Amino acid sequence: MSTKEQTKNRVAIAGQVIDAETKLAIPGALVEITQMPEKFKNWLDLHALQYGKSWEKIVKRPDRTITAIDGCFYFVDFPYTDECYTLTVSLPSAGTRYGVANSEAIKVVYSNNGKITWTPIGLPPTAIKGRITDSKNCPLFMAKVQVDGSSESAFSDIDGNYLLHGLESMQTTTKENCHC
């Protein structure tokens with residue numbers, strides 16, 4: 026009689042993608058391993074052979090995933106190595122409203138106590154922020170700031186600060202108008 030050995034998927038890298046300005050979670054972000062140890066690259070190449078031309082179209086693979094509704098992601102079962110990984114995060118569905126972010130070098134450590142390598146990554150939004158003041162440098166509260174030729178707008182807070190967040194990037198001429 027043979028005995029079955031139960032194997033568990035071990036989380037190698039996990040983290041959360043957040044908006045670098047608002048610190049809110051970003052669901053649906055693409056997280057890709059862009060720099061990896063040679064051992065992992067060889068292992069990945071073998072997996073790619075199984076899928077042929079369809080490999081590039083697969084969204085969730087051992088080297089890339091999509092963040093969940095809470096912005097979290099994870100990768101499992103990496104081969105053990107002393108070398109590091111680098112992640113690249115983007116949000117293709119948002120057009121030019123977000124930039125691209127790269128993680129620091131990540132070393133995978135498997136521990137017996139369940140601790141994992143946690144990697145928070147801030148995705149930079151396309152944004153305009155500033156402070157509105159009067160001629161005496163006192164903040165203006167509830168001043169409306171609007172992108173010319175657009176419906177994008179924001180109001181300044183009690184300290185005169187405003188943030189126009191997640192703007193679609195475009196080439197335009199910038200002009201400042203104050204109607205106080």
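Just so we're aligned, residue 26 is where the sequence shown starts under the working numbering, counting upward by one.
Positions of the beta carbon are idealized from the N, C-alpha and C atoms, including for glycine.
Since we're looking at a predicted model, the values are computed, not measured.
Once DSSP output is grouped into helix, strand and coil, what is the label at Ser178? As a working mapping, residue 178 is identified with position 153 in the sequence shown. When secondary structure is reduced to three states using DSSP, Ser178 falls in the strand class.
From which residue to which residue does the beta strand (DSSP E) around Glu57 run? Indexing the sequence shown from 1 puts residue 57 at position 32. Its beta strand (DSSP E) spans residues Leu55 to Gln60.
So, Ser178 versus Leu165, is the Cβ gap smaller than 7 Å? As a position in the sequence shown, residue 178 is number 153, starting the count at 1. As a position in the sequence shown, residue 165 is number 140, starting the count at 1. No.
Pick from Gln75, Thr151, Glu193 and Asp173 that is closest to Glu46, judged by C-alpha positions: As a working note, residue 46 is residue 21 in the sequence shown. Checked all of Gln75, Thr151, Glu193 and Asp173; the closest Cα to Glu46 is Thr151.
Going by CA-CA distance only, name the one from Lys64, Lys140, Ile83 and Pro145 that's closest to Thr106. For the purposes of this step, residue 106 is taken as residue 81 along the sequence shown, with counting starting at 1. It is Lys64.
Local Cβ density within 10 Å of Asp44, reported as buried at 16 or more and exposed below that: As a position in the sequence shown, residue 44 is number 19, starting the count at 1. It is buried - the Cβ of Asp44 has at least 16 other Cβ atoms within 10 Å.
What are the uninterrupted segments assigned as alpha helix (DSSP H) that are 4 or more residues long and contained completely in the region 82-150, given in chain order? none
What is the residue span of the beta strand (DSSP E) that Lys161 lies within? Taking the first residue of the sequence shown as 1, we reach residue 161 at position 136. Segment: none, Lys161 is in no beta strand (DSSP E) and carries neither H nor E.
Below 8 Å, can you find three or more Cβ-Cβ pairs linking the region 114-133 to the region 52-67? yes
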